[in-house]
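Undergrad: Here the sequence shown is numbered in the working numbering, starting from 149 and rising by one per residue.
Ideal Cβ placement from N, Cα and C applies to all residues, glycine included.
Mind having a look at this structure? Questions to follow.
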Amino acid sequence: MSVSEHSPSDGELITRLRQADLDALGVLFERYRDRVYRTALAIVREPAVAEDILQDCFLKVYANADRIDIERPLAPWLYRVTVNLSYTWISRGKKRRTSLDHFVDRLVTPMRQAPDRVTEQTEIRQRVRAAISDLSLDQRVVIVLYYLNNLSLQDIAGILDLPVGTVKSRLYYARENLRGRLGPNMMWLPEVAHGYL
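In structure tokens form, the structure reads like this:
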């Protein structure tokens, strides 16, 4: 069976990593790097810091391979580590710049748009970016995990080690804050947002 016919599971790769197979870490890195990077970037809003968090996250995979449950998907564990590393960076008071371009572009830009809508879309992007940046960290993290990573409320609760009700509440208040900031007719509605992600 060729490699293209069989892609090893996360559990198989972690098992190989436990035996010092660094190629397995490389496969995991390639499999998850975009998701980890996007999540970190949307939280910390600093590309260089998001890169550092990405690297640190996979160093933690290597260092904790013996403790990772190979019967469970790796993605929730990675999201938890990414969020925790992001929280740590933010709590240190590092200066950060707003860089949610990719997230906002996916949120407000249809696949194709008429040329006369480019200016309008740019204004919408700026307003959405500012509104997301103004959310509390707790609300911003839930918005990122829910919309950018398409995670369920239960998955987010597990990653953040919170009750599902708390996650629902944060998501609700984040949406309300965004609606209040962007207006009721703005494109930021949960039903519409899923179409852009």
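Quick one: what does DSSP say D309 is sitting in, helix, strand or coil?
TA: Coil, per DSSP.
Undergrad: Considering only residues of the same chain and omitting the five flanking positions on each side of L285, which have a CB-CB separation below 8 Å?
TA: Excluding residues within five positions, the ones whose Cβ falls inside 8 Å are I191, Y235, I238.
Undergrad: For S155, report the span of its alpha helix (DSSP H) as first-last.
TA: S155 -> no alpha helix (DSSP H), and no H or E assigned at all.
Undergrad: Using a Cβ-Cβ cut-off of 7 Å (strictly less than) and excluding sequence neighbours within five positions of E287, which residues of its own chain qualify?
TA: The displayed chain sequence assigns Gln, not Glu, to residue 287. Taken in chain order, the residues that qualify are R318, Y321, A322, N325.
Undergrad: Can you grab the Cα-Cα spacing for the pair E178 / Q302, in whole Å?
TA: When rounded, the distance between both Cα atoms is 26 Å.
Undergrad: Go ahead and label E194 buried or exposed: buried means 16 or more other beta carbons lie within 10 angstroms of its beta carbon, across all protein chains shown.
TA: Buried, by the Cβ-count rule.
Undergrad: Under the assumption that G159 contacts I218 (Cβ atoms under 8 Å), give the Cβ distance between them as a whole number of angstroms.
TA: So it is a contact: roughly 4 Å between Cβ atoms.
Undergrad: So is R260 buried or exposed if we call it buried at 16+ other beta carbons inside 10 Å?
TA: Below a pLDDT of 50, predicted positions are generally treated as unreliable, and R260, at 49, falls in that range; the measurement from the model is reported next regardless. So R260 ends up on the exposed side.
Undergrad: State whether the region 302–314 contacts the region 269–276, with contact taken as three or more CB pairs (one from each stretch) at a distance under 8 Å.
TA: Taking 8 Å as the limit for Cβ pairs, the verdict is that the region 269–276 does not touch the region 302–314.
Undergrad: Thinking C-alpha only, which one of A223, V229, A279, K208 is nearest G331?
TA: Minimum Cα distance to G331 is reached at A279.
Undergrad: Measuring alpha carbon to alpha carbon, tell me which residue in R329, P221, V315, K208 is nearest L293.
TA: Nearest of R329, P221, V315, K208 to L293, Cα basis: V315.
Undergrad: Considering R186, what are the terminal residues of the alpha helix (DSSP H) in which it resides?
TA: Start and end: 170–192.
Undergrad: What number of angstroms, rounded off, separates the C-alpha of Y227 from the C-alpha of T187?
TA: So the two alpha carbons sit approximately 8 Å from each other.
Undergrad: Which word fits N297, buried or exposed, when buried means at least 16 other C-beta atoms lie within 10 angstroms of its C-beta?
TA: Flag for N297 reads buried.
Undergrad: Within the same chain, show all residues whose beta-carbon is closer than 6 Å to that of L299, passing over the 5 residues directly before and after it, in chain order.
TA: Excluding residues within five positions, the ones whose Cβ falls inside 6 Å are L293.
Undergrad: For the alpha helix (DSSP H) that contains Y210, what are its first and last residues?
TA: Element bounds for Y210: 195–211.
Undergrad: Kindly indicate which three-state DSSP category L330 falls into: helix, strand or coil?
TA: L330 falls in the helix class under three-state DSSP.
Undergrad: Which residues bound the alpha helix (DSSP H) around N232?
TA: Here the alpha helix (DSSP H) through N232 covers 223–239.
Undergrad: Could you give the DSSP three-state label for I216: helix, strand or coil?
TA: Coil at I216, not helix or strand.
Undergrad: So the alpha helix (DSSP H) L285 belongs to, where does it begin and stop?
TA: Where L285 is concerned, the enclosing alpha helix (DSSP H) stretches over 285–291.
Undergrad: Is DSSP giving N298 helix, strand or coil here?
TA: Three-state result, N298: coil.
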